[in-house]
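Scroll down for the structure; my scribbles are underneath it.
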Amino acid sequence: MTKTLLRSGNLDDYQSVGGGGQAVFTSALQIRETLRLQKHDALVACLAVPQVNDDGDRVDWYAPRAGKVVAWKAADEAVQARALAQLTLLFEAASRLSASCQQSTKTARRLFGALLEKALQFPGPNHVFLVDNSPVIAFWGFVNLNEQAREAPFACLQPPARMPDPAPALPPAGLAAAYSETMDAAAEEAPPISPPPQAEPEPAAAAATPPADTPAPARSRIRPGRLAFLGLPLVAGAAALLLVPDLLSAHRAESAAVVQALPAVPAQPMLTGALPLRPATVIAPVKEPPKAETKTVVLTAVPGDALVMEAGQVRAGTTGFLNGSWRVVLDAKDAVTGKAPLLRYQIKNNKGTARLVHGDSVVCKADVFAGLHQNGELQIKNRGLARCSDGSRYPLPLIVCTAGTSGVAQCSGRYDASTVIPLTFHKIGR
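Numbering (the numbering used here), first residue to last: 417 to 846.
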């Protein structure tokens, strides 16, 4: 049965993760087979099947089963929520299995546990697919370049948090309370309005009989006397306001007259029992400038075979100093021989080959390329896994060098975010 291709990509575009000094991707098929034999079918079903091309620099990821394929970002929120819950349960099961394996006394089982701990790492949401609404991860065992393995691998699949709608603006509580109290006070102070007394009809009016269908005009319920009484405070207040400027002017005139009437008092001289003295002039002593301290600069001799990152070439972005044959000494030991593997590089104009000998004289080769980063770091990468004489594949580290004292390169090899090994370059030829 033909399997569905989910995603393809170059291995140089991602950074592999792993454990126990080995990358997850180098044992991807073995990890899936081990999980299948141990009846962890749910974990196997969520891991895409990798297939490397003949050059070893590109990999295709296929769905483990047939079905309708939908990208993660194209699925609706309900399907994403169910798939995320399923992935969370699978991650918890894988974590328990990994912890159990790492407690084993068998070396192979401990290595499997260390690799399984990082197996569910992946670059991002674009590498997760839904096959018949079940999640499948492509490029598992990888993260984006210059990133580390995430503590919560599926946090990037969480939906973005929605901002709550702003609450409607309410009037200040103090303003509403003051308005209510003012209205209550006005209602209490308002004088009661009593109905006017009924006037006795005059004899002439009694004799006249008005028509029955003509309505009588409405009478006012406020007495004219009461209106006059209510208007008195307003008139008094207005009169008081008119008199305030005259009162202030009169008060100011009286104050000015009192000030002019007072006689000027002459200033009395102050008697002291001491002679007048001039302020003394203090001349500050002249301080001699401190003598500059002489520092002894110790120059360290640069080994003739060291890799020196010349400052001029680094500023220009060129790597002519890297041309030649190099022997790289790794601060690591081979599991079979107990010695450091032999690693050599032949580079010219940022391109070349790497040759590694490990184990029982197994020779591995790979194409490499080099370049300077914007921050001045020298990076040497390999194009895919190294092909070995016994038919296997072997991972080579990503080498990062920075200019140290006198420009001597300080280098380290990184297999993944948690496996970094110091190394040293020694030139052995042109």
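Each residue gets a CB set at the ideal place from its N, CA and C atoms; glycine is no exception.
I need the boundaries of the alpha helix (DSSP H) containing residue i, first residue and last residue.
i: Gly425; result: That residue, Gly425, is in no alpha helix (DSSP H); its beta strand (DSSP E) goes Leu421 to Asn426.
i: Asp457; result: Asp457 to Ala461
i: Ile447; result: Ala444 to Leu453
i: Gln826; result: No alpha helix (DSSP H) contains Gln826, which is instead part of the beta strand (DSSP E) from Ala825 to Asp832.
i: Val730; result: Ala727 to Ala732
Which term fits residue i, buried or exposed, when burial requires 16 or more other beta carbons within 10 angstroms of its beta carbon?
i: Glu449; result: exposed
i: Asp457; result: exposed
i: Arg512; result: exposed
i: Val744; result: buried
i: Ala490; result: exposed
i: Gly732; result: Position check: residue 732 holds Ala in this sequence, whereas Gly was assumed. Exposed, because fewer than 16 other Cβ atoms sit within 10 Å of the Cβ of Ala732.
i: Ala461; result: buried
i: Gly736; result: exposed
i: Ala565; result: buried
i: Pro633; result: Residue placement at Pro633 cannot be trusted, given a pLDDT of 47 that sits under 50; what the coordinates show is reported in the next sentence. Counting Cβ neighbours within 10 Å, Pro633 comes out exposed, since fewer than 16 surround it.
i: Cys827; result: buried
i: His851; result: One cannot answer for residue 851 here, as it falls past the ends of the chain, which runs 417 to 846.
i: Val718; result: exposed
i: Pro576; result: exposed
i: Arg846; result: exposed
i: Leu427; result: buried
i: Gly754; result: exposed
i: Asp471; result: exposed
Which residue from the options puts its Cα closest to that of residue i?
i: Ala825; options: Ala732, Ser805 and Ala727; result: Ala727
i: Ala510; options: Val495, Phe528 and Val718; result: Phe528
i: Asp473; options: Asp429, Leu500, Asn791 and Ala487; result: Asp429
i: Gln574; options: Arg526, Thr523, Phe785 and Trp488; result: Trp488
i: Gly740; options: Val486, Asn766 and Asp492; result: Asn766
i: Leu772; options: Leu506, Ala732, Pro757 and Gln790; result: Pro757
i: Asp721; options: His842, Ser550, Arg809 and Val485; result: His842
i: Val724; options: Lys522, Thr840 and Phe785; result: Thr840
i: Asp747; options: Gly425, Pro838 and Gln502; result: Pro838
i: Leu451; options: Arg525, Ser828, Ser520 and Thr821; result: Arg525
i: Asp806; options: His774, Thr821 and Arg830; result: His774
i: Thr734; options: Lys755, Lys764 and Gly754; result: Lys764
i: Gly823; options: Leu738, Val836 and Gly754; result: Leu738
Can you find the residues in the same chain that come closer than 7 angstroms, C-beta to C-beta, to residue i, ignoring five residues on each side of it along the sequence?
i: Leu421; result: Asp476 and Tyr478
i: Gly483; result: Val547 and Asp548
i: Glu533; result: Gly435 and Ser514
i: Leu812; result: Ala770, Leu772, Ala782, Asn798 and Ala802
i: Ala530; result: Gly435, Gly436 and Gln518
Which residue comes first and which comes last in the beta strand (DSSP E) that contains residue i?
i: Thr523; result: Segment Thr523 to Glu533 is the alpha helix (DSSP H) holding Thr523; no beta strand (DSSP E) there.
i: Gln496; result: Counting along the chain, Gln496 falls outside any beta strand (DSSP E), though it belongs to the alpha helix (DSSP H) covering Glu493 to Gln518.
i: Gln467; result: Val465 to Val468
i: Gln762; result: Leu758 to Lys764
i: Leu546; result: Val544 to Val547
i: Ile795; result: Strictly speaking, residue 795 in this sequence is Gln, with Ile absent from that position. Counting along the chain, the beta strand (DSSP E) containing Gln795 begins and ends at Leu794 to Asn798.
i: Gln564; result: No beta strand (DSSP E) holds Gln564; DSSP gives it neither H nor E.
i: Arg771; result: Lys767 to His774
Can you find the residues in the same chain that come closer than 6 angstroms, C-beta to C-beta, to residue i, ignoring five residues on each side of it along the sequence?
i: Ala554; result: Leu422, Arg423, Ala464, Trp477 and His543
i: Phe441; result: Ser432 and Gly557
i: Phe538; result: Ile553, Phe555 and Trp556
i: Arg760; result: Arg743 and Arg771
i: Ile844; result: Ser741 and Arg743
i: Pro569; result: Leu536 and Gln537
i: Leu425; result: It is worth fixing the name first, because residue 425 is Gly in this sequence and not Leu. Result list for Gly425: empty, nothing under 6 angstroms.
i: Asn791; result: none
Is residue i near the ligand HEM - that is, is its Cβ less than 7 angstroms away from at least one heavy atom of it?
i: Lys419; result: The ligand HEM is not part of this structure, which contains no ligands at all.
Ordered along the chain, which non-local residues of its own chain (more than five positions away) have a Cβ less than 8 angstroms from that of residue i?
i: Cys572; result: Gly540, Pro541 and Arg566
**Study point:** the segment 791-802 in contact with the segment 770-781 per 3-pair CB rule at 8 angstroms
**Key:** yes
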